[in-house]
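Visitor: The structure that follows is given in the form of structure tokens.
In structure tokens form, the structure reads like this:
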């Protein structure tokens, strides 16, 4: 007797295929959803910054402060200023199925309900150069105080701020880690007051190289500030020094194809692909990235009629700490001008 409930084999196969497709699609959607979420947020007011007594106790251990009542009063005032004026959070997020760490700073006492965003790119690699609370308060709060939301990535391969990462070689010194910076844009809906239509990049040293790479691949970033940034790694290789160890350890394919991988990370060879206005900050006495490299890069930009402004310090070294206030002030003026005009560089 014929079984009227039997299902033809081709229908079973078709149903199985459809189920697999839908399952894969759902999995992809779920991965995208998780990748665009902030995870495990925690206050940047941690460690010695957890509360006022802990901070003052730490300050007393510093030879430059000790029990000096005037300096302790200044420290207390400074701490209250930080606490009263900024929200600051560490967080995790996922890129390429890798857990990456980031942070954001939001100024609290502002009239606006929406603020432009500056994505900060730190120097160094893996755990070296990772942003700590002390850096946030001393270096990045001053920019946030100008009316910006500041967001940043620690890049893949960075540990839990104070603990080394088990696989630091996830950091590729301008390779797939560039995606960690672009992915921050997808997190902005979770960041208070962040205006995702007004986002700039600011990078220092290796972070400047990252800023150029991100800008090349993602036009959603509207402006680039590059400070003490390498622009020609091929020239750096010819000069030699400690940087060769960095290339060898952190850049995949360096031993086999050195010129190829260095060129890919050197903005001077593909500057014409940038559409954003540039603000270049550099010290003419920088021993790591000579001013001559920046001069050659600036000349190429001029040939292309690129929108670029330079801030050069005749006596400045690689670390431009003595000029921080001036840098923040002039960066603010430049960013506000570009955000108002919505400029894109002419190429």
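Residue numbers (mature numbering (1 follows the signal peptide of the UniProt record, and there is no 0)): -23 to -1, 1 to 324. Just so you know, even glycine gets a beta-carbon here, dropped at the ideal spot from N, CA and C. In this text, all values refer to a predicted model and were calculated from it rather than measured experimentally.
Per DSSP, residue 84 forms a beta bridge with which residues?
Guide: Here the question's residue 84 lines up with position 107 in the chain shown. Answer is 63, bridged to residue 84.
Visitor: Write down the C-beta distance between residue 16 and residue 69 rounded to the nearest angstrom, noting that I regard them as a contact closer than 8 angstroms.
Guide: By one-based count along the chain shown, residue 16 stands at place 39. By one-based count along the chain shown, residue 69 stands at place 92. Indeed, because the Cβ distance is near 4 angstroms, the residues count as touching under 8 angstroms.
Visitor: Are at least three pairs of beta-carbons, each pair with one atom in the stretch 82 to 98 and one in the stretch 119 to 135, less than 8 angstroms apart?
Guide: yes
Visitor: When DSSP labels each residue in this structure, what does residue 69 get in the three-state scheme?
Guide: The residue you call residue 69 lines up with position 92 of the chain shown. Residue 69 falls in the strand class under three-state DSSP.
Visitor: Return the Cβ separation of residue 80 and residue 113 in integer angstroms, given the expectation that the two are a contact with Cβ distance under 8 angstroms.
Guide: Residue mapping note: residue 80 aligns to position 103 of the chain shown, counting from 1. Residue mapping note: residue 113 aligns to position 136 of the chain shown, counting from 1. That pair is a contact at about 7 angstroms.
Visitor: Identify, in the order they occur along the chain, each residue of the same chain with its Cβ nearer than 8 angstroms to the Cβ of residue 61, setting aside the five sequence neighbours on each side.
Guide: Here residue 61 refers to the residue found at position 84 when the chain shown is read from its first residue. Around residue 61: 85 and 86.
Visitor: With distances taken from CA atoms, which of 276, 297 and 33 is nearest residue 261?
Guide: Position 284 of the chain shown, counting from 1, holds the residue named residue 261. Of the listed residues, the one whose Cα sits closest to residue 261 is 297.
Visitor: By how many angstroms is the C-alpha of residue 162 removed from the C-alpha of residue 307?
Guide: By one-based count along the chain shown, residue 307 stands at place 330. By one-based count along the chain shown, residue 162 stands at place 185. Between residue 307 and residue 162, the C-alpha separation is close to 25 angstroms.
Visitor: Using 10 angstroms around the beta-carbon of residue 215, count the other beta-carbons present and answer buried if the total reaches 16, otherwise exposed.
Guide: Locating residue 215 in the chain shown gives position 238, where the first residue counts as 1. Classification of residue 215: exposed, given that the 10 Å Cβ count is below 16.
Visitor: Taking its Cβ as the centre, do 16 or more other Cβ atoms sit within 10 Å of residue 269, making it buried, or is it exposed?
Guide: Sequence index remark: in the chain shown, residue 269 carries index 292 (1-based). That one is exposed.
Visitor: In this structure, does DSSP put residue 184 in helix, strand or coil?
Guide: In the chain shown, counting from the first residue as 1, residue 184 sits at position 207. Helix.
Visitor: Can you tell which of 145, 55, 291 and 305 has its C-alpha closest to the C-alpha of residue 259?
Guide: Within the chain shown, residue 259 is the residue found at index 282, counting from 1. Here the closest residue by C-alpha is 291.
Visitor: Among 221, 88 and 271, which one has its Cα closest to the Cα of residue 205?
Guide: For the purposes of this step, residue 205 is taken as residue 228 along the chain shown, with counting starting at 1. Checked all of 221, 88 and 271; the closest Cα to residue 205 is 271.
Visitor: Are residue 281 and residue 249 close, meaning C-beta to C-beta below 7 angstroms?
Guide: The sequence position of residue 281 within the chain shown is 304, counting from 1. The sequence position of residue 249 within the chain shown is 272, counting from 1. Using a Cβ distance threshold of 7 angstroms, residue 281 and residue 249 count as a contacting pair.
Visitor: Which same chain residues, not among the five before or five after residue 318, have their C-beta less than 7 angstroms away from its C-beta?
Guide: Here residue 318 is taken as the residue at index 341 of the chain shown, counted from 1. Here the set comprises nothing.
Visitor: Quick one: grab the DSSP three-state call for residue 30.
Guide: As a first step, residue 30 must be located in the chain shown, where it is residue number 53. In the structure shown, residue 30 sits in a helix (DSSP, three-state: H, G or I).
Visitor: If you reduce the DSSP assignment to three classes, tell me which class residue 78 lands in.
Guide: Here residue 78 is taken as the residue at index 101 of the chain shown, counted from 1. For residue 78, the secondary structure class from DSSP, reduced to helix, strand or coil, is strand.
Visitor: For residue 256, list the residues DSSP reports as bridge partners.
Guide: Translated into the one-based positions of the chain shown, residue 256 becomes position 279. Residue 256 is bridged to 202 and 286.
Visitor: For residue 158, tell me which candidate among 119, 275, 178 and 107 has the shortest Cα-Cα distance.
Guide: Here residue 158 refers to the residue found at position 181 of the chain shown. Nearest option by C-alpha distance: 178.
Visitor: Are the stretch 220 to 227 and the stretch 190 to 202 touching, with three or more C-beta to C-beta distances below 8 angstroms?
Guide: no
Visitor: Since I believe residue 185 is in contact with residue 203 (beta carbons under 8 angstroms), could you give me their beta-carbon distance rounded to a whole number of angstroms?
Guide: Taking the first residue of the chain shown as position 1, residue 203 is located at position 226. Taking the first residue of the chain shown as position 1, residue 185 is located at position 208. Residue 203 to residue 185, Cβ: 4 angstroms. Contact.
Visitor: Nearest to residue 196 by CA position, among 251, 168 and 209, is which residue?
Guide: Reading the chain shown from its first residue, position 219 is the one you call residue 196. When each option's Cα is compared against that of residue 196, the closest is 251.
Visitor: Start and end of the alpha helix (DSSP H) containing residue 274?
Guide: By 1-based counting over the chain shown, the position of residue 274 is 297. Residue range 268 to 280 is occupied by the alpha helix (DSSP H) that includes residue 274.
Visitor: Under three-state DSSP, which class holds residue 245?
Guide: If you number the chain shown from 1, residue 245 lands on position 268. The answer is helix: DSSP assigns residue 245 an H, G or I state.
Visitor: The alpha helix (DSSP H) with residue 159 in it runs from where to where?
Guide: Reading the chain shown from its first residue, position 182 is the one you call residue 159. Counting along the chain, the alpha helix (DSSP H) containing residue 159 begins and ends at 155 to 159.
Visitor: Where does residue 16 sit, in a helix, a strand or coil, going by DSSP?
Guide: On the chain shown, residue 16 is found 39 positions in, with the first residue counted as 1. The answer is strand: DSSP assigns residue 16 an E or B state.
Visitor: Run through DSSP, which three-state label would residue 114 get?
Guide: Walking along the chain shown from the start, residue 114 turns up at place 137. Note: residue 114 maps to helix in three-state DSSP.
Visitor: Whose C-beta lies closer than 8 angstroms to the C-beta of residue 304 among residues of the same chain, with five residues either side of it excluded?
Guide: Position 327 of the chain shown, counted from the first residue, corresponds to residue 304. Cβ within range, chain order: 204, 258, 288 and 297.
Visitor: If you run the structure through DSSP and keep just helix, strand and coil, what is residue 298?
Guide: Working through the chain shown from its first residue, we reach residue 298 at position 321. Residue 298 falls in the helix class under three-state DSSP.
Visitor: Among all the DSSP beta bridges, which residues are the ones paired with residue 165?
Guide: Against the chain shown, residue 165 aligns to sequence position 188. Answer is none; residue 165 lacks a bridge partner.
Visitor: Helix, strand or coil, according to DSSP, for residue 129 in the structure here?
Guide: Along the chain shown, one-based indexing puts residue 129 at 152. Three-state result, residue 129: strand.
Visitor: Are residue 312 and residue 285 touching if we call contact CB-CB under 7 angstroms?
Guide: Residue 312 sits at position 335 when you count from the first residue of the chain shown. Residue 285 sits at position 308 when you count from the first residue of the chain shown. No, the pair does not count as a contact, with Cβ atoms beyond the cut-off.
Visitor: Which residue marks the beginning of the alpha helix (DSSP H) containing residue 222, and which one marks its end?
Guide: As a first step, residue 222 must be located in the chain shown, where it is residue number 245. Counting along the chain, the alpha helix (DSSP H) containing residue 222 begins and ends at 220 to 227.
Visitor: Can you grab the Cα-Cα spacing for the pair residue 239 / residue 194, in whole Å?
Guide: As a working mapping, residue 239 is identified with position 262 in the chain shown. As a working mapping, residue 194 is identified with position 217 in the chain shown. Cα to Cα, residue 239 sits roughly 17 angstroms from residue 194.
Visitor: Could you check the C-alpha separation between residue 88 and residue 169 for me, to the nearest Å?
Guide: Taking the chain shown and counting its residues from 1, the one referred to as residue 88 is at position 111. Taking the chain shown and counting its residues from 1, the one referred to as residue 169 is at position 192. Rounded to whole angstroms, residue 88 to residue 169 spans 14 angstroms at the Cα level.
Visitor: Between 278, 266 and 120, which lies nearest to residue 301 when the distance is taken from Cα to Cα?
Guide: Residue mapping note: residue 301 aligns to position 324 of the chain shown, counting from 1. If we check each option's Cα against that of residue 301, 120 comes out closest.
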